[in-house]
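Heads up: the structure comes next, in structure tokens.
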Amino acid sequence: MASEARSPRPLEDDLERDLHTEHQILNMGPSHPATHGTVKFLIELDGETIVDLDIQVGYLHRGFEKECESGAWYQAIPYTDRLNYNSAILCNLAFCLAVEKLCGLETPERCQWLRVLSAELSRIGDHLTRTGAACLELQAMTPFLYGIEARELNWDLQEELCGARVTSNYVRIGGVKHDMPPGFPARFRDTTQKTRELLADFDKVVTRNRIFVDRLKGTGVISKEDCIRYAVTGPMLRSVGVPLDMRKDEPYLVYDQVDFDVPIGEVGDNYDRYLVCVEEIHQSLRIAEQCVAKLEQLGPGPVNVDDPRVRWPAKGRVFNRMEELIQQFKSVTEGPRVPAGEAYAAIESANGELGFYVVSDGSAVPWKVRCRPPSFINLQPMPIMLRGAMLADLIPTFDFINMIGGECDR
Amino acid sequence: MAAPEDHGSEALERLLRGVPGAVLASHAERGDATALVDPARLLEAMRYLRDDPATAFDMLTDVTAVDYLGYPGRVGPRFEVVYHLYSLARNHRLRVKIGVEEAACEAPSLVSLWPSANWMEREVWDMYGIRFAGHPDLRRILLYDEFEGHPLRKDYPKERRQPLVGPRN
Chain L
0 MASEARSPRP LEDDLERDLH TEHQILNMGP SHPATHGTVK FLIELDGETI
50 VDLDIQVGYL HRGFEKECES GAWYQAIPYT DRLNYNSAIL CNLAFCLAVE
100 KLCGLETPER CQWLRVLSAE LSRIGDHLTR TGAACLELQA MTPFLYGIEA
150 RELNWDLQEE LCGARVTSNY VRIGGVKHDM PPGFPARFRD TTQKTRELLA
200 DFDKVVTRNR IFVDRLKGTG VISKEDCIRY AVTGPMLRSV GVPLDMRKDE
250 PYLVYDQVDF DVPIGEVGDN YDRYLVCVEE IHQSLRIAEQ CVAKLEQLGP
300 GPVNVDDPRV RWPAKGRVFN RMEELIQQFK SVTEGPRVPA GEAYAAIESA
350 NGELGFYVVS DGSAVPWKVR CRPPSFINLQ PMPIMLRGAM LADLIPTFDF
400 INMIGGECDR
Chain Y
0 MAAPEDHGSE ALERLLRGVP GAVLASHAER GDATALVDPA RLLEAMRYLR
50 DDPATAFDML TDVTAVDYLG YPGRVGPRFE VVYHLYSLAR NHRLRVKIGV
100 EEAACEAPSL VSLWPSANWM EREVWDMYGI RFAGHPDLRR ILLYDEFEGH
150 PLRKDYPKER RQPLVGPRN
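Structure follows, in structure tokens:
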């Protein structure tokens, strides 16, 4: 540059002249404060413009599938908790539905309503974290705290239901851990009321906030065709205007009996994804309310299938009768034997289609457990969403893809 | 050869008729329509499934593999690569599988049909060591380049530890 003769032209022309700069490679991650997930981006930059992007995942790989192949079927459930710390119950549910499909089990009605209730609570927690954390990473602390306060209330409810806030281990093969505790409906209504108030506050601070809108509108745009080609599902697909929701299109459990709407976006930018997520929280609250009302109306009933292959006998019978004692001993030491074969079951998780492909050889140990992780598959088209964008657009785009390291890397 | 009975899946029936001879076996156990396809004709069958308006599988939602080494009563190749297809337009699903022999350990890549196959095939290569012919960028994805072996193979011991390799200078 120094050898170039200085042009006699006015200063404005001089500034607009092509400087023939070289592209720069920026290494972002694997542990970066503005990405809530352990992932490394190798970004080729022209000034502040992203030319190309290579995503390196796998930093949280801990051999989930290998580990599942060495224990009993039910021992994989706690591992599924750790796939997604935001929506552990959804991961439990998808795995248990796949195993139940192999066993040919149909769970009791009360169990199905409890599963839908817990799944929707889980989804609310996930979306609150996503929208709240996105604000935090765009330098807005206050709305993050509104979101996290609502999530704390949600996690308190989950704790009442499951005994744990994060790693719930609630859904079991053939049922759920236990019924909802006494007084739960009243506390649920109280929490729902507070959550709606917090969401209203969140909405006031964020949705029409000039800075927030400027950072999100028109950034991270993906087309409908690219979404389909890359098998993107969940809020990301709905943000481009495709109303695909497995709860509506391939209803499982009792989703065909609840009333809810599927929000969709128009242009597929980060702002649409934000709006879709917030609306989905409201819809999930609606579903959860219907579940609690239905559970009250149903009255007490079994929450587990009465099948000695997968569920333990009642404690009273174990202490008094020989057969049940033997059954309990075998259930604990060996675990259930699952008929040989293969099955794929998927649910609409907070990020999209969460599926489990399971193969059994007829023994008590899984032959193969494959988790179809929506985080991993939704992350793949990120480079096409960001080519030509500014470096700063990477942050909200990554936030609203909502890649969860545990689920992406397994 | 393909079983002639009705599996209750229109997509599977279309595949059996549309690409004759490509399907080696089929079943619809537990409601999942499944076709075991001749690996040499996988691309042809998959292209048909994607482009035929009656099947219209516009999404390749999952690619994985299974190692059947030591599976009781198993005859046939050691590995199977398993594809799950979904049609947004017609809201139906199909599972397509191919057998992969241990000696060659190679399968055709589907990246040219569905770009979503890219990372998922990389993961199968990483975990099972099955190469995908025609893949544009077949690198490990979850593990690091220096890792030896493919951990989801049944003969890879779970307890085996490998040193974590730091960045090379």
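Protein chains in written order, with numbering that gives the first Met the number 0: chain L, 0 to 409; chain Y, 0 to 168. Quick reminder that beta carbons are idealized off the backbone N, C-alpha and C, glycines included.
Taking a contact as a CB-CB distance under 8 Å, the pair L14/Y and A34/Y counts as one, their CB atoms being some 6 Å apart.
Taking all protein chains shown into account, E333/L has fewer than 16 neighbouring C-beta atoms within 10 Å of its C-beta and is therefore exposed.
Within the stretch 56-68 of chain L, the residues whose Cβ lies closer than 7 Å to any Cβ of chain Y are, in chain order, V56, G57, H60, G62, E64 and K65. Taking a Cβ-Cβ cut-off of 7 Å, the neighbours of Y70/Y in chain L comprise D360 and W366, given in sequence order. Comparing alpha-carbon positions, the option among P395/L, M140/L, K216/L and A118/L lying closest to V170/L turns out to be A118/L. For the beta strand (DSSP E) assignment, the uninterrupted runs of no fewer than 3 residues enclosed by the stretch 315-367 of chain L are, from N- to C-terminal side, 340-347 and 352-359. I394/L sits in a helix when the DSSP states are folded into three classes. Following the DSSP letters along the chain, one finds H83/Y inside the beta strand (DSSP E) bounded by residues F78 to S86. Distance from the CA atom of R29/Y to the CA atom of V220/L, rounded to whole angstroms, is 39 Å.
Judged by pairs of C-beta atoms under 8 Å, the stretch 257-268 of chain L touches the stretch 285-294 of chain L, as three or more such pairs exist.
The residues V364, P365, W366, K367 and V368, in chain order, have a CB closer than 8 Å to that of E68/L in the same chain once the five nearest residues on each side in sequence are set aside. A distance below 7 Å between beta-carbons, with the five flanking residues on each side excluded, links L324/L to the following residues of its chain, in chain order: V317. A distance of 8 Å or more separates the beta carbons of V302/L and R61/L. Neighbours of T63/Y in chain L, taken as residues at a C-beta separation under 7 Å, are given in chain order as Y356 and R369. Taken in chain order, the whole alpha helix (DSSP H) runs of length 4 or more contained in the stretch 108-152 of chain Y are 116-127. Between the alpha carbons of L144/L and C102/L lies a distance of about 44 Å. Boundaries of the alpha helix (DSSP H) harbouring F211/L: R209 to L215, taken from the DSSP string. Around A287/L, no beta-carbon contact reaches into chain Y at under 7 Å, the shortest distance being about 26 Å. DSSP, reduced to helix, strand and coil, places Q161/Y outside both helices and strands of the structure shown, so it counts as coil.
The criterion of a C-beta distance shorter than 8 Å is not satisfied by D268/L and T190/L. By the rule that beta-carbons nearer than 8 Å mark a contact, I227/L touches chain Y.
Counting the other CB atoms within 10 Å of its CB gives T20/L a total below 16, which places it among the exposed residues. If you check the CB distance, G124/L and V309/L do not come in under 8 Å.
Under a criterion of Cβ atoms nearer than 8 Å, the residues of chain L adjacent to L142/Y are, in order, G57 and H60. By the CB criterion at 8 Å, V277/L and T396/L fall outside the cutoff. Counting of Cβ neighbours within 10 angstroms places G233/L among the buried residues, the total reaching 16 or more. In the DSSP assignment, R285/L falls within the unbroken alpha helix (DSSP H) covering N269 to L297.
In the three-state reduction of the DSSP assignment, M179/L falls in the coil class.
Going by C-alpha positions, P180/L is about 51 Å away from V36/Y.
Listed in chain order, the non-local C-beta contacts of V239/L below 6 Å within the same chain comprise K223, C226 and G267, local neighbours out to five positions each way being set aside.
Of all alpha-carbon atoms in P380/L, I147/L, G182/L and R164/L, the one lying nearest the alpha-carbon of Y229/L is that of P380/L.
Counting only runs of at least 4 residues, the stretch 106-163 of chain L fully encloses the following alpha helix (DSSP H) elements, listed from N- to C-terminal order: 108-136 and 140-161.
Excluding sequence positions up to five before and after F63/L, its CB lies within less than 6 Å of the CB of Y78 and R409, all in the same chain and listed in chain order. For a cut-off of 8 Å, the C-beta gap from A93/L to I346/L is around 5 Å, short enough to register as a contact. Using a Cβ distance threshold of 8 Å, V175/L and V357/L do not count as a contacting pair.
Put simply, the backbone Cα of F56/Y is about 54 Å away from that of R320/L.
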